[in-house]
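Chemist:
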RNA sequence: GCCCGGAUGGUGGAAUUGGUAGACACGCAGGACUUAAAAUCCUGUGGCCAUUGCGGCCGUGUGGGUUCAAGUCCCACUCCGGGUACCA
């Protein structure tokens, strides 16, 4: 019988489904292991071969762990809310729920064909009311809590109210947007509305004014991605910066804990580094600068307090509240014009266009608190309102952006730090600022002669003593904007009474997404939910019109998988205390700063509420690389319908044209398929080389427009799921970005057929022997067990595939058909290629599924070697090999080597200076 | 600009802790089997020189350095990919 992968794969997929092979439950008898994939957004295009890369890796690991005796939780679901479905709905009127359902069905079919070991009974969908019930619930908890900096955790808002009633704001140490001061009496005298406004300032989920990209023509808010050069990508309408009330999550309150938690998780150093940079802790000083002829004070934050003698001007962010107060009447016109100009630029543009220097003088002067000098206050968009205090002291001598600004506007530059190994020079001659943190202070009064770190310390002390500021730790992590003016997302369980936001009670959850007539904003510019009929509480109060963003549903899905059908709570204590946290999380790096920060925040919040038992949700995290597309080209002779093969094209004047990679095999074009591809090419003529049309190629993004999208079902149809699984792993290291190239897939498929032939004879009959295996056969098997297990544990699946190939090649050469060896081999291969191994497991006479078998145990005894073949080098160059007993001592090795005939040739009569012997590694003779 | 990756044959890649560079596979070339094809098997395959044999020299993006020994460590640079919130 031949290796009939189509039949085998269908048969075992059916078996697994009928026998609930992958269903898991809490089982206190077994240790748990939780393997999670980042769940996909079910797009209309279906899965391409890039998606399963991480899923295959995690599946191999899950199956391995299961064979090692663990109770493995390995679930899958869908991140089902998202813009594409809504965009499609706007264009076609088709309800996003319908397209989403359709896409999910297609995804499921594709996933099922690859043979994953998911427990589908635990599937979650973020758009299912039974699921988003708990997203809304978590939001209500955030609304009802604040962050207490004293206890370093979330506390009920009632605790804050009690404190206000007892002592006013006096004892409060809570994370808030603004600072308040009031007495208990004043608090009690406040109106309900004023009290609620104060509380809003402290809630973990709160409403506040934020700058957004507002597109008046589309009546909607746009993401940075959707804006290019001040115009909307869709439609090309003008976009402006607009202040709007939005819900935010106080992620910044958790910045210190999000930073510290990174030390406890097993993630790559680069990923941790990216998160650390994102959280961005910086120690510095907040300083007060008085404004001349005014009682206005400017607070600025700086990490380089030591350079305060080099300050020659101040800069305000255009959005700063101080701008209006500090603009003089003479400058008003110029400032207004500038503000109007910056309104058109998105934050992204302000960030990338570093070389474009712009700004305007406010007309006011500040007084340097140390030198008492008067310095001009400018306004420029290189200072952002959202970070620090929205105002800076500019030190053009030692900050490159300040330097560029000073040069552009002809402002003075003073050198206050002389970098180590340099002399003081005239700043007028400089090409750039001297940002170094090493050097000696000059022109700096009492700091003169100190090195930079000492000067920073000294200045901080001085600032404290003189009461002109305070030492402060600043984080760049911002609160997350949590509302979207969209339809296809979770509704907020919030209603408004007299303009004040109030929460729905928990028994009113889930608040279901209403039906609307069109998926567009209302005529008056309200979000789509403004179209919903009866979108109000039963008492007639209007409900919130925004919906939640994509990351709402994905922030706690890993908890829901633990107990997906629970209608009473997000996750039961029993399920949570058994499954605890994700042991292995596999997904793309693109989530390094978004999802992975938000879900850690979300988890820590729930941890504070004692709803979950672990402070960090993802113990180990592996990033799979992106699979890029490999495009193919044909070369059309200009002005004709003639196509020239790759290596002949230089003789013609040609245009390269993308051709669908599915019509190309090993870069050879199926010319008939090409003719039928497009009516335009029906009469195409070909100039062939060696009777073939060879295509050119390039690595590009995998996309429809490049015709380089490869669909996994096509590969499964042609080669089988086991081949696809092995080939995706064989392609290269899991973490590396690599192009998809079907050219090598035959090798992997051939390997499986070769394996099959170890079990069957030439006439197709099972031919397996019960004889005792030879030492050589056992050595081959056990060296493979060792290598593969080692590789699985370090996620080096590409090298395990070659180890499998080497093993089968060796067993084929040995003509080994011993059951003992073959059974061991399919045991280690089963996590990678489960279908063929299930079948062969049965061929060997076993009952049931190989997933229940134990992973083969390594026996080191079979690997013992008496001799080692040493590479012998002379001056580091390998010259010949010499087999020596492993127990030979150094002196004897040296003697044997030097006496060797080949050595005599290389020594050429000289005495070696040194002989380096590394046992079981190398011998190097230094002459 | 800043942050994080990466660069090894014609191609994907291997070399896990500084110790035989190119495992494994694709492709290519030659051969066996076959009426033929497919399938399968065997041999060769980094470059240059020599090829009568032993072989020799060069070689992991570029230029330096450390070391008995460097793809691997250090310094400087080039190019490519990804992220990005000018974070003072």
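Numbering (our numbering), first residue to last: 62 to 988.
We treat Cβ as the ideally placed atom computed from N, Cα and C, and that holds for glycine.
None of the values given here were measured: they were computed from a predicted structure.
#1: For the alpha helix (DSSP H) that residue 320 lies in, which residues bound it at each end?
#2: Using the three-state DSSP reduction, which class does residue 308 fall into: helix, strand or coil?
#3: I need the DSSP call for residue 703, collapsed to helix, strand or coil.
#4: Kindly list the residues whose CB is nearer than 6 angstroms to the CB of residue 92, restricted to its own chain and excluding five residues on each side of it in sequence; keep chain order.
#5: Which ranges does the alpha helix (DSSP H) cover as unbroken runs of at least 4 residues, wholly within the segment 688-774, from first to last along the chain?
#6: What do you reckon, are the CB atoms on residue 262 and residue 241 nearer than 8 angstroms?
#7: Give a yes or no on contact between the segment 449-457 and the segment 364-374, applying the rule of three or more CB pairs nearer than 8 angstroms.
#8: In angstroms, rounded to a whole number, what distance separates the CA positions of residue 67 and residue 832?
#9: Going by Cα to Cα distance, which pick from 419, 913, 549 is closest to residue 151?
#10: Excluding sequence positions up to five away, which residues of its chain have a Cβ less than 7 angstroms from the Cβ of residue 123?
#11: So for residue 363, helix, strand or coil by DSSP?
#12: What is the rounded straight-line gap between the Cα of residue 823 and the Cα of residue 817?
#13: How would you call residue 288, buried or exposed, if buried means at least 16 neighbouring beta carbons within 10 angstroms?
#14: Can you list the beta strand (DSSP E) stretches of 3 or more residues lying completely in the segment 500-536, in chain order?
#15: How would you label residue 769, buried or exposed, when you count the other beta carbons within 10 angstroms and need 16 or more for buried?
#16: Starting from residue 427, follow its DSSP beta bridges and name the residues at the other end.
#17: Check each candidate in 170, 145, 391 and name the one with the smallest Cα separation from residue 295.
#18: Given a cut-off of 8 angstroms, decide if residue 911 and residue 887 are closer than it, judged by their beta-carbon atoms.
#19: Can you pull the DSSP bridge partners for residue 265?
#20: What are the start and end residues of the alpha helix (DSSP H) that includes residue 331?
#21: Please name the residue or residues paired with residue 98 in a DSSP beta bridge.
#22: On the CB-based measure, 16 or more other CB atoms within 10 Å of its CB, does residue 646 come out buried or exposed?
#23: Does the beta-carbon of residue 702 have 16 or more other beta-carbons within 10 angstroms, so that it is buried, or is it exposed?
#24: Bridge partners of residue 345, per DSSP?
#25: Starting from residue 216, follow the beta strand (DSSP E) in both directions and report where the run begins and ends.
#26: Starting from residue 985 and walking both ways along the beta strand (DSSP E), at which residues does that stretch end?
#27: Could you pull out every residue in the same chain whose Cβ sits closer than 6 angstroms to the Cβ of residue 718, ignoring the five residues on either side in sequence?
#28: By the three-class DSSP mapping on this structure, what secondary structure does residue 180 have?
#29: To the nearest angstrom, how far is the alpha carbon of residue 406 from that of residue 303?
#30: For the putative contact between residue 139 and residue 187, defined by C-beta atoms under 8 angstroms, what is the C-beta separation to the nearest angstrom?
#31: I need the straight-line Cα distance from residue 725 to residue 837, nearest angstrom please.
#32: By the DSSP assignment, the beta strand (DSSP E) with residue 989 in it spans what residues?
#33: What did DSSP end up calling residue 465 once you bin it into helix, strand or coil?
#34: Does the Cβ-Cβ distance between residue 958 and residue 927 come in under 8 angstroms?
#35: Any contact of the segment 883-898 with the segment 920-937, i.e. 3+ C-beta pairs under 8 angstroms?
#36: Taking 8 angstroms as the threshold (C-beta atoms), are residue 265 and residue 666 in contact?
Modeler: Put simply:
#1: Here residue 320 refers to the residue found at position 259 when the first chain is read from its first residue. Element bounds for residue 320: 316-322.
#2: Counting from 1 along the first chain, the entry for residue 308 is found at position 247. Residue state, collapsed to three classes: strand.
#3: Within the first chain, the letter at position 642 stands for residue 703. It is a strand residue.
#4: Taking the first chain and counting its residues from 1, one reaches residue 92 at position 31. 131.
#5: 732-738
#6: Taking the first chain and counting its residues from 1, the one referred to as residue 262 is at position 201. Taking the first chain and counting its residues from 1, the one referred to as residue 241 is at position 180. Yes; because the gap between Cβ atoms is below 8 angstroms, this pair is in contact.
#7: yes
#8: The residue you call residue 67 lines up with position 6 of the first chain. The residue you call residue 832 lines up with position 771 of the first chain. Their Cα atoms are separated by approximately 32 angstroms.
#9: Mapped onto the first chain, residue 151 falls at position 90. Ranking 419, 913, 549 by Cα distance to residue 151 puts 549 first.
#10: Position 62 of the first chain holds residue 123. Only 96, 133, 135, 178 meet the Cβ criterion.
#11: The sequence position of residue 363 within the first chain is 302, counting from 1. If DSSP states are grouped into helix, strand and coil, residue 363 belongs with the strands.
#12: Here residue 823 corresponds to residue number 762 of the first chain, with the count starting at 1. Here residue 817 corresponds to residue number 756 of the first chain, with the count starting at 1. Going from the Cα of residue 823 to the Cα of residue 817 covers about 11 angstroms.
#13: Counting from 1 along the first chain, the entry for residue 288 is found at position 227. Label assigned to residue 288: buried.
#14: 500-502, 530-536
#15: Residue 769 sits at position 708 when you count from the first residue of the first chain. Per the 10 Å Cβ criterion, buried.
#16: For the purposes of this step, residue 427 is taken as the residue at position 366 of the first chain. According to DSSP, which records beta bridges pairwise, residue 427 is partnered with 352, 436.
#17: The residue given as residue 295 occupies position 234 in the first chain. Ranking 170, 145, 391 by Cα distance to residue 295 puts 145 first.
#18: As a working mapping, residue 887 is identified with position 826 in the first chain. As a working mapping, residue 911 is identified with position 850 in the first chain. The answer is yes: Cβ separation under 8 angstroms.
#19: Position 204 of the first chain, counted from the start, is the residue given in the question as residue 265. Looking at the DSSP assignment, residue 265 forms no beta bridge with any residue, so it has no partner.
#20: Sequence index remark: in the first chain, residue 331 carries index 270 (1-based). Run containing residue 331: 330-340, per the alpha helix (DSSP H) assignment.
#21: Stepping through the first chain from its first residue, residue 98 is reached at position 37. DSSP, once it has assigned bridges, lists 647 as partnering residue 98.
#22: Here residue 646 refers to the residue found at position 585 when the first chain is read from its first residue. With 16 or more other Cβ atoms within 10 Å, it is buried.
#23: Taking the first residue of the first chain as 1, we reach residue 702 at position 641. Flag for residue 702 reads exposed.
#24: As a working note, residue 345 is residue 284 in the first chain. 533, per the DSSP bridge assignment.
#25: On the first chain, position 155 is the one that residue 216 refers to. From DSSP, the beta strand (DSSP E) with residue 216 extends over 214-217.
#26: By 1-based counting over the first chain, the position of residue 985 is 924. Per DSSP, residue 985 belongs to the beta strand (DSSP E) from 983-987.
#27: Here the question's residue 718 lines up with position 657 in the first chain. Around residue 718: 695, 697.
#28: By one-based count along the first chain, residue 180 stands at place 119. In this structure, residue 180 counts as coil in the three-state DSSP scheme.
#29: For the purposes of this step, residue 406 is taken as the residue at position 345 of the first chain. For the purposes of this step, residue 303 is taken as the residue at position 242 of the first chain. Distance between the alpha carbons of residue 406 and residue 303 is about 11 angstroms.
#30: Taking the first residue of the first chain as 1, we reach residue 139 at position 78. Taking the first residue of the first chain as 1, we reach residue 187 at position 126. Between residue 187 and residue 139 the Cβ distance is about 7 angstroms, and since that is below 8 angstroms, they are a contact.
#31: Your numbering for residue 725 matches position 664 in the first chain. Your numbering for residue 837 matches position 776 in the first chain. Computed Cα separation, rounded: 43 angstroms.
#32: Residue 989 cannot be examined here, being either before or after the span of the chain that is shown, 62 to 988.
#33: Residue 465 sits at position 404 when you count from the first residue of the first chain. DSSP places residue 465 in helix when its eight states are reduced to three.
#34: For the purposes of this step, residue 958 is taken as residue 897 along the first chain, with counting starting at 1. For the purposes of this step, residue 927 is taken as residue 866 along the first chain, with counting starting at 1. Result no, Cβ atoms of residue 958 and residue 927 do not sit closer than 8 angstroms.
#35: no
#36: Taking the first residue of the first chain as position 1, residue 666 is located at position 605. Taking the first residue of the first chain as position 1, residue 265 is located at position 204. Their beta carbons are under 8 angstroms apart, which means residue 666 touches residue 265 by this criterion.
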